[in-house]
Each structure stands twice: as structure tokens, then as C-alpha cells.
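The block underneath contains the structure these notes are about, expressed in C-alpha cells.
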Amino acid sequence: MSTRALFDDTEMDGVHQLGPRACVLRGFARPVAGELLRAVDKVAQSAAFRHLVTPGGYTMSVAMTNCGALGWTSDRRGYRYAAIDPETGLPWPAMPEVFKRLAHDAAAAAGFDSFEPDACLINRYAPGAKLSLHQDKDERDLGAPIVSVSLGMPAVFLFGGLRRDDATAKVPLFHGDVVVWGAEDRLRYHGVMALKDSPHAELGSQRINLTFRKAG
Ligand SMILES: O=C(O)CCC(=O)C(=O)O
Ligand SMILES: [Mn+2]
894 MSTRALFDDT EMDGVHQLGP RACVLRGFAR PVAGELLRAV DKVAQSAAFR
944 HLVTPGGYTM SVAMTNCGAL GWTSDRRGYR YAAIDPETGL PWPAMPEVFK
994 RLAHDAAAAA GFDSFEPDAC LINRYAPGAK LSLHQDKDER DLGAPIVSVS
1044 LGMPAVFLFG GLRRDDATAK VPLFHGDVVV WGAEDRLRYH GVMALKDSPH
1094 AELGSQRINL TFRKAG
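894 is the number of the first residue of the sequence shown in our numbering; add one for each residue after it.
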């Protein structure tokens, strides 16, 4: 099924509930998308996108960088949050105000008050890149939600249950969509299917995802 066909089964705007405390806010980030993308470019000038290696020795197809007090990173020794970018030896770039505001406001719109992320993982997908099913569980404070912003090419987000082998919903995500999940949905498995090449007007053959978390 094409991504568009999947999307036609859902609504164009508004809130799409994925669980008791999980939802997609359709188009929520669209008004600030240009500002977000300019800020991503600026972050990447100081902390370049890189393909991390997993503890199992696999090089990830998604390119990553971070901003904020803590950055998510991986190498043969494991996954972890670090205050210093291992590539530059410098602190990660500060989290831009527009990021903080958007993350806070999206969380509030999804029913999570006072979200103040200290980590923003920036994922860059080229056609064919994917993210296997996983839980976000490296954060100290699992009481805070995850806020995940999609920009550029569409993707199919997989949203499963609390066990890896639970059924997954296929959720098409478009430029400006924001997914928020927390509380009893905080540890649900999720991933991104291999991206099809359907170039976006501003970003071309790329998808950028911003994942905001309270890690420390
Ligand atoms: O790219 C996405 O939509 C999801 C990213 C994600 O799950 C992660 O970075 O942990
Ligand atoms: Mn994740």
C-alpha cells in the first residue's frame, strides 16, 4: 500500500490517538518548520551528522547528531547519553529556543504539562534508511514523555506494544507531524520502515526527525 493510501484512511489535521497517552498531532510543527530546519543546519555545522555503530557492530543507516545538554550516542561499548560529542570533544550545541518551545507546546497539547527536554536527537534519513523496532529506555526519567517531530519526506512509523512481538500499527508521518507518547505508553516499541524516495519540496530526498527527551 502506498503511504498516501494509508494516509487517506486517517485524518488530515488534528489529533490521531495511538494509545491512552500516545498521539500524532498532525501538522503541529508546520508553522515553525522553516525555523527548525535552519536551526538543524546550524547545529550540524558544529556537530556533524554521523552514522553510529551499535554495540553489535552494525553501522546505522540513519545519520545522527544532537543538541542540548545531553546527546544520545552509541559505539561498540554500548548506548548512552553523553554531555560531550565524542567526535569533537566539545559539548553538544545548545538546544535552540524554537526547539524547546515546540517540544514543550506539543507535549502540553498531548496532555503532558511542563515538559523541559534536555536532549534532542536529530535523525537524518535518506531513501532506504530505517530504524528497527526499539524502546526508548536509556533515559533516567521515564516519567517524561517523548516528543518526536517529522520534517521532509514522509515515513511509515511503526508503533507497537510493550513487548517486541506485539502487533504494530503503521502510522504515516508527514512534514510537520509530531508524535507524543508517555506514561503507560512511554516504553512502547516503535521504529521507522525503510524510506521510499518521494522528494519533499524543501528538503529533497531527506527526512529529518527531532526526538526530544528528558534524559538526565
Ligand atoms: O524517526 C523517527 O520518527 C523515530 C526516531 C526514534 O524512534 C528514535 O530516534 O529513537
Ligand atoms: Mn525511539
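By construction, the Cβ of each residue, glycine as well, lies at the ideal position given by its N, Cα and C atoms.
Q.
Looking at the secondary structure, which residues open and close the alpha helix (DSSP H) in which threonine 993 lies?
A. Inspection of the sequence shows that residue 993 is occupied by lysine rather than by threonine. Segment 990-1002, the alpha helix (DSSP H) holding lysine 993.
Q.
If I follow the unbroken alpha helix (DSSP H) through leucine 1055, where does it start and stop?
A. No alpha helix (DSSP H) holds leucine 1055; DSSP gives it neither H nor E.
Q. CA-CA distance, proline 1026 and leucine 983?
A. What sits at residue 1026 in the sequence shown is leucine, not proline. Straight through space, the alpha carbons of leucine 983 and leucine 1026 are spaced by roughly 31 Å.
Q.
Tell me the rounded alpha-carbon separation between phenylalanine 1005 and glycine 1053.
A. In a straight line, the C-alpha of phenylalanine 1005 is about 21 Å away from that of glycine 1053.
(Q) Considering just the uninterrupted stretch of the beta strand (DSSP E) at arginine 970, what are its terminal residues? (A) If you look at arginine 970, you'll find it isn't in any beta strand (DSSP E); DSSP assigns it neither H nor E.
Q) Which value, in whole angstroms, describes the spacing of the CA atoms of methionine 894 and isoleucine 977? A) Here the model assigns methionine 894 a pLDDT of 38, short of 50, so the residue's position is not dependable, and the following value carries that caveat. Going from the Cα of methionine 894 to the Cα of isoleucine 977 covers about 43 Å.
Q) Between the Cα of valine 955 and the Cα atoms of Leu1103, Ala1108 and Gly1109, which residue gives the shortest distance? A) Among Leu1103, Ala1108 and Gly1109, the Cα nearest to that of valine 955 belongs to Leu1103.
Q.
With distance defined between alpha-carbon atoms, name the residue in Ser1043, Glu1095 and Arg1079 nearest to valine 1071.
A. Answer by Cα proximity: Ser1043.
Q) Whole-angstrom Cβ separation of asparagine 959 and cysteine 916, contact assumed at under 8 Å? A) Rounded, the Cβ-Cβ distance is 25 Å, inconsistent with contact.
Q: Check whether the Cβ atoms of glycine 950 and arginine 931 lie closer than 8 Å to each other.
A: Not in contact: glycine 950 and arginine 931 (Cβ atoms no closer than 8 Å).
Q: Consider the C-beta atom of aspartate 1029 and the heavy atoms of ligand 2; say whether any pair is separated by less than 7 Å.
A: Aspartate 1029: yes, Cβ under 7 Å from ligand 2.
Q: Could you check if threonine 966 is buried or exposed, using at least 16 other CB atoms within 10 Å of its CB as the buried criterion?
A: The residue is buried, with at least 16 neighbouring Cβ atoms inside 10 Å.
Q. Where DSSP assigns a beta bridge to histidine 1027, which residues make up the other side?
A. Per DSSP, the beta-bridge partners of histidine 1027 are His1083.
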